[in-house]
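Visitor:
In the numbering used here, the protein residues as written are 729 to 837.
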């Protein structure tokens, strides 16, 4: 049989069922932290994609015996375009998410 552990006398006793405000506060903090982590992961993915695309273009140019300076320039242009499109995609998806959440709140009222 299991028994309920008694809290230490110096410990603050919190009853989660009687105070839903505390649970809502914790859920809001967790959601904010998860959103920040998701944004960081998106930035990491864009950075990895940028480096890989630029590197692949440079490697392909060198493998095809193209001039090195022209190949590096082309690889940097591709990497910059990839980075710009990734950042644009992150921004547009965030804006779309905010608009959809506002629309859902408006529909509930």
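No residue lacks a Cβ here, since even glycine has one placed at the ideal position from N, Cα and C. Small disclaimer: the values here were computed from a predicted structure and weren't measured.
Hey, would you say residue 802 sits closer than 8 Å to residue 785, going by beta carbons?
Guide: Yes, these two residues count as a Cβ contact at 8 Å.
Visitor: Could you check whether residue 799 and residue 783 sit closer than 8 Å to each other, using their CB atoms as the reference points?
Guide: Not a contact, by the Cβ cut-off of 8 Å.
Visitor: Could you compute how far the alpha carbon of residue 823 sits from the alpha carbon of residue 805?
Guide: Residue 823 and residue 805: Cα-Cα distance of roughly 27 Å.
Visitor: Would you check if the distance between the CB atom of residue 807 and the CB atom of residue 781 is smaller than 8 Å?
Guide: Yes; because the gap between Cβ atoms is below 8 Å, this pair is in contact.
Visitor: To the nearest angstrom, how far is the alpha carbon of residue 738 from that of residue 755?
Guide: Computed Cα separation, rounded: 26 Å.
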